[in-house]
Amino acid sequence: MEWLLGNLSFAFAFHKAQPVAIVDEIVRIWLDIVTPGRGAGESHWLFRGIRSIEQQAERASRELDIRSDLRRWDEDFPWIHHELIVRYLCGGLAS
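Numbering-wise (my numbering), the sequence shown opens with residue 413 and increments by one.
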């Protein structure tokens, strides 16, 4: 009975998982970790604005790098697409 429930939960999670949303959330969390926050010298509104623009540009650049790495992975290893990996991990966690 446990074997059947494990297989059913794996199949359900595998088909119900939305890899795009999961990958987007992982990328967002990773960017929050690797993109530096506000630093010293932001007491003036102009410096805060400039730093905010720099930070957004750096964040966008890193996001493009991550997404191009994922695209390259999919081209190099078409039999194990990154979204398929996410589906397998969701199914494994569910079972």
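Heads up, the beta-carbon is just placed ideally off N, CA and C, and yes, glycines get one too.
Output the distance between the C-alpha atoms of residue i and residue j, rounded to the nearest integer angstrom.
i           : j           : result
residue 474 : residue 447 : 8 Å
residue 506 : residue 429 : 11 Å
residue 469 : residue 433 : 23 Å
residue 500 : residue 465 : 38 Å
residue 494 : residue 414 : 29 Å
residue 488 : residue 480 : 12 Å
residue 457 : residue 467 : 15 Å
residue 486 : residue 425 : 22 Å
By the 10 Å Cβ neighbour count, where 16 or more other Cβ atoms means buried, how is residue i classified, buried or exposed?
i           : result
residue 461 : exposed
residue 504 : exposed
Rank the options by C-alpha distance to the C-alpha of residue i and give the top, closest one.
i           : options            : result
residue 399 : 420, 426, 423, 443 : Here the chain covers residues 413 to 507 and nothing more, so residue 399 does not appear.
residue 440 : 476, 491, 485, 497 : 476
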